[in-house]
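Enquirer: Take this structure, written in C-alpha cells, and hold onto it; I'll ask about it next.
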Amino acid sequence: MNTLISCCGLDCADCGARKATLLDDDELRKQTAEEWSKQFGVDIPYEIINCTGCREEGVKFTHCDECQVRNCVKSKGYNTCGDCAELENCSIVGGIHQHAPFALENLKSLKQ
0 MNTLISCCGL DCADCGARKA TLLDDDELRK QTAEEWSKQF GVDIPYEIIN CTGCREEGVK
60 FTHCDECQVR NCVKSKGYNT CGDCAELENC SIVGGIHQHA PFALENLKSL KQ
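The sequence shown begins at 0 in numbering that gives the first Met the number 0 and counts up by one.
Here it is as C-alpha cells:
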C-alpha cells in the first residue's frame, strides 16, 4: 500500500509541507504557509510547516493531532478511509472529497 496517501486520500508525495520538511526548505515552507493561509482563511506561520505524512513515522503538521479523519481511521484500526465501508457516504471525510475529489479517487485506487 502506498503509505504516502494520507488517511483522507490526499497524496503526501505532492504536499509542500512534506517536501519542505524533507528538504529543510524555508522558502517552500513560506510558500506553503501562504497558500494554506489563503485556502483555509487562517494565518499559518511558516515555522509550523513540518510534516512527513499523517501515516508516516516522524513529525506531523499540528492539525494532524486534531484531525477528525485521522482520529476516526486510527480508532477503527484502518490504514485509510478507503478501508471503511462508509467511505462514499461519510460526513467526516466528505468535506475534503467535496473540495478535492482526487483524494476519493486515490482511496478507491488503493483497493484495486
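Glycine included, each C-beta is placed from N, C-alpha and C at the ideal position.
Could you tell me which residues DSSP puts in a beta bridge with Asp119?
Expert: The first residue shown for the chain is 0 and the last is 111, placing residue 119 beyond what the model contains.
Enquirer: If you drop the 5 nearest sequence neighbours on each side, which residues of the same chain put their C-beta closer than 6 Å to that of Asn49?
Expert: Mapped onto the sequence shown, residue 49 falls at position 50. Counting only Cβ-Cβ distances below 6 Å, and skipping sequence neighbours, we find Thr20, Val58.
Enquirer: Measure the C-alpha to C-alpha separation of Ala102 and Ile4 and round it to an integer number of angstroms.
Expert: As a first step, residue 102 must be located in the sequence shown, where it is residue number 103. As a first step, residue 4 must be located in the sequence shown, where it is residue number 5. Rounded to whole angstroms, Ala102 to Ile4 spans 9 Å at the Cα level.
Enquirer: Counting only the same chain and skipping the five closest in sequence on each side, list residues whose C-beta sits under 6 Å from that of Val68.
Expert: Here residue 68 corresponds to residue number 69 of the sequence shown, with the count starting at 1. Cys6, Cys7, Ile91, Val92.
Enquirer: From which residue to which residue does the alpha helix (DSSP H) around Ile43 run?
Expert: The residue you call residue 43 lines up with position 44 of the sequence shown. Segment: none, Ile43 is in no alpha helix (DSSP H) and carries neither H nor E.
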